[in-house]
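To keep things clear, I will list the structure first and then write my remarks on it.
There are 4 protein chains.
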Amino acid sequence: MLLFQLQGSDDRPIYARIAEQIKFAVASGVLRPGDLIPSVRDLSRQMVVNPNTVARAYRDLQQEKIVDPVRGTGLQVAQGAAEVCRDLRKAIVRDRIRAAIQEARQTALEPTEIEAILRDEWTRSNGAPH
Amino acid sequence: MLLFQLQGSDDRPIYARIAEQIKFAVASGVLRPGDLIPSVRDLSRQMVVNPNTVARAYRDLQQEKIVDPVRGTGLQVAQGAAEVCRDLRKAIVRDRIRAAIQEARQTALEPTEIEAILRDEWTRSNGAPH
Amino acid sequence: MLLFQLQGSDDRPIYARIAEQIKFAVASGVLRPGDLIPSVRDLSRQMVVNPNTVARAYRDLQQEKIVDPVRGTGLQVAQGAAEVCRDLRKAIVRDRIRAAIQEARQTALEPTEIEAILRDEWTRSNGAPH
Amino acid sequence: MLLFQLQGSDDRPIYARIAEQIKFAVASGVLRPGDLIPSVRDLSRQMVVNPNTVARAYRDLQQEKIVDPVRGTGLQVAQGAAEVCRDLRKAIVRDRIRAAIQEARQTALEPTEIEAILRDEWTRSNGAPH
DNA sequence: GTGGTCTAGACCACC
DNA sequence: GTGGTCTAGACCACG
Chain Z
1348 MLLFQLQGSD DRPIYARIAE QIKFAVASGV LRPGDLIPSV RDLSRQMVVN
1398 PNTVARAYRD LQQEKIVDPV RGTGLQVAQG AAEVCRDLRK AIVRDRIRAA
1448 IQEARQTALE PTEIEAILRD EWTRSNGAPH
Chain G
1348 MLLFQLQGSD DRPIYARIAE QIKFAVASGV LRPGDLIPSV RDLSRQMVVN
1398 PNTVARAYRD LQQEKIVDPV RGTGLQVAQG AAEVCRDLRK AIVRDRIRAA
1448 IQEARQTALE PTEIEAILRD EWTRSNGAPH
Chain U
1348 MLLFQLQGSD DRPIYARIAE QIKFAVASGV LRPGDLIPSV RDLSRQMVVN
1398 PNTVARAYRD LQQEKIVDPV RGTGLQVAQG AAEVCRDLRK AIVRDRIRAA
1448 IQEARQTALE PTEIEAILRD EWTRSNGAPH
Chain W
1348 MLLFQLQGSD DRPIYARIAE QIKFAVASGV LRPGDLIPSV RDLSRQMVVN
1398 PNTVARAYRD LQQEKIVDPV RGTGLQVAQG AAEVCRDLRK AIVRDRIRAA
1448 IQEARQTALE PTEIEAILRD EWTRSNGAPH
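In order, the protein sequences belong to chains Z, G, U and W. Going by our numbering, the first sequence opens with residue 1348, and the numbers climb by one from there. Going by our numbering, the second sequence opens with residue 1348, and the numbers climb by one from there. Going by our numbering, the third sequence opens with residue 1348, and the numbers climb by one from there. Going by our numbering, the fourth sequence opens with residue 1348, and the numbers climb by one from there.
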């Protein structure tokens, strides 16, 4: 059974995180083209979130053509979605890392220090994988 | 002469970016304990921003004990501020990088792919330094 | 029904008095953890004060972790807040009394005279309770 | 030699504290009618304070008839000043204590708790006199 | 509906 | 000159 939930500290809007989770589920193959995603009502109950918030996430997903409406049934993962999401996922990851590094540079920290932090955090994340 | 200005795309509030710039200036030694920071009016003129917005940033800096008020004169960098800001700066950088890596992991990307991206972006940032 | 209002003569800023009233309401149990505090707009209307002034008070309360934001809903009293506020209230009272006594001593008044004033004012305040 | 200096934490304006110190010196007999008070320049240097600030304090003292100008010489303590200051001193002390007690009552603390604090702080101030 | 941000401009106390 | 407070009103994101 699919389980979506909000992770800890994160100041991004809830609807964006919900949409992202769906995309990542598609990207990793947990959800495949043709699969129905959870109904707004179900997901909102499961996540203890206002239904409007889930609806907003789903609206965004429709606009991005990640999901298609099926009359009287629900929303299904669109045909091209898997590939789109895989690309998207990688691009998102890359963008965030790029931004983090760029910001680090702008603080006038020594490049060697930044590199040390990068190595450090990478190995650390290997040691205690989520 | 000190030059503060708002960088390009950044969705954080203006006052937060102003406060951060001051902190980084202190961290890097451009501003030292005892120095007066630019007056609200000067800085607001220089940055083309409402004086209240600068005032808000300065108020936050006071609460964090980064600056001290000198009645009728202005705000001066507090005594312990340099060290505090250096630590702060490093902590901020570290946190952002950690968050970026952690999110990358949560997307179920292959670790080797993440590592590749890290390397790639790091060298890329060296090639075209800020 | 909760009633907040500005008391008579007091040269402290309005936002500080608003924040203090909230704290005291929490300390005395009128507001309990999980309760929503009045909305910025409601309270500003009730107190005949600019909404920004109330917002400023609420922002301070957030920084002190007395209240937590619930996105799109309002601000609720934080979990640990009751105890914090009780301590705070007592500390405030104690500090003010200590300061008053200390200043009395510094004026080179006879200790017996100070003590007499203390007794006098205490009984007087009992006679005509607020 | 007379020594005036600013005490620690106190958010009242500097000029008010200077004026108060002069008054208390008169009340306690350290300064007597006819005595010259320090010149603006001397006192400002001694207290490491802007001369304007001392001048402001002296202006207030003149308006209250605590000191009289002596042409080409300076300011001297006025004739009736000693008695005025003694009364003033007591009134100030009394007012502050009254205000402290009144505020304590408004916080909805138990009267017994307030009384305990009063006793406690009074004995404490006896134990470690300034 | 909620709070958050920003602008504009007035007034004040202090030095 | 300095910062601090307050008002008025606009706009935005979120639920």
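Every residue gets a Cβ at the ideal spot worked out from N, C-alpha and C, and that includes glycine.
query: Amino acids of chain G, ordered along the chain, whose beta-carbon sits closer than 8 Å to that of glutamate 1462 of chain Z; result: Trp1469
query: Option in W:Ala1366, W:Phe1351, W:Thr1470 and W:Leu1383 with minimal Cα separation from glycine 1419 of chain W; result: W:Leu1383
query: Residue range of the alpha helix (DSSP H) that includes leucine 1435 of chain W; result: 1428-1453
query: Residue-level contact to chain Z via CB, glutamine 1352 of chain G, 8 Å cutoff; result: no
query: For proline 1416 of chain G, the three-state DSSP class (helix, strand or coil); result: strand
query: Cross-strand partners of glycine 1421 of chain G (DSSP beta bridge); result: G:Val1417
query: For leucine 1350 of chain G, three-class secondary structure by DSSP; result: coil
query: Glutamine 1426 of chain G at chain Z interface by Cβ criterion, 8 Å; result: no
query: Chain Z contact for leucine 1383 of chain G (CB, 8 Å cutoff); result: no
query: 8 Å Cβ cutoff met for glutamate 1450 of chain W and arginine 1443 of chain U; result: yes
query: Under 8 Å between C-beta atoms of glutamine 1423 of chain Z and valine 1414 of chain Z; result: yes
query: Cβ neighbour criterion (16 or more within 10 Å) applied to leucine 1353 of chain G; result: exposed
query: Cross-strand partners of leucine 1383 of chain G (DSSP beta bridge); result: G:Gln1423
query: Beta-carbon neighbours of leucine 1456 of chain U, restricted to chain W and to distances below 8 Å; result: Arg1436, Lys1437 and Val1440
query: is_contact[isoleucine 1451 of chain U, chain W] using C-beta, thresh 8 Å; result: Here residue 1451 of chain U turns out to be alanine, not isoleucine, going by the sequence shown. Judged by the 8 Å Cβ criterion, alanine 1451 of chain U is in contact with chain W.
query: Under 7 Å by beta carbon: chain U residues contacting leucine 1465 of chain W; result: Ile1444, Leu1465 and Trp1469
query: Contact list for the stretch 1353-1379 of chain U against chain W, Cβ threshold 8 Å; result: Gln1354, Phe1371, Ala1374 and Ser1375
query: Contacts around valine 1396 of chain W, its chain only, beta-carbon distance under 7 Å, and the 5 residues preceding and following it disregarded; result: Ile1361
query: The stretch 1401-1411 of chain W touching the stretch 1364-1381 of chain W, judged by at least three CB pairs closer than 8 Å; result: yes
query: Residue environment, threonine 1470 of chain W, which counts as buried when at least 16 other CB atoms sit within 10 Å; result: exposed
query: Where proline 1360 of chain U falls: helix, strand or coil (DSSP); result: coil
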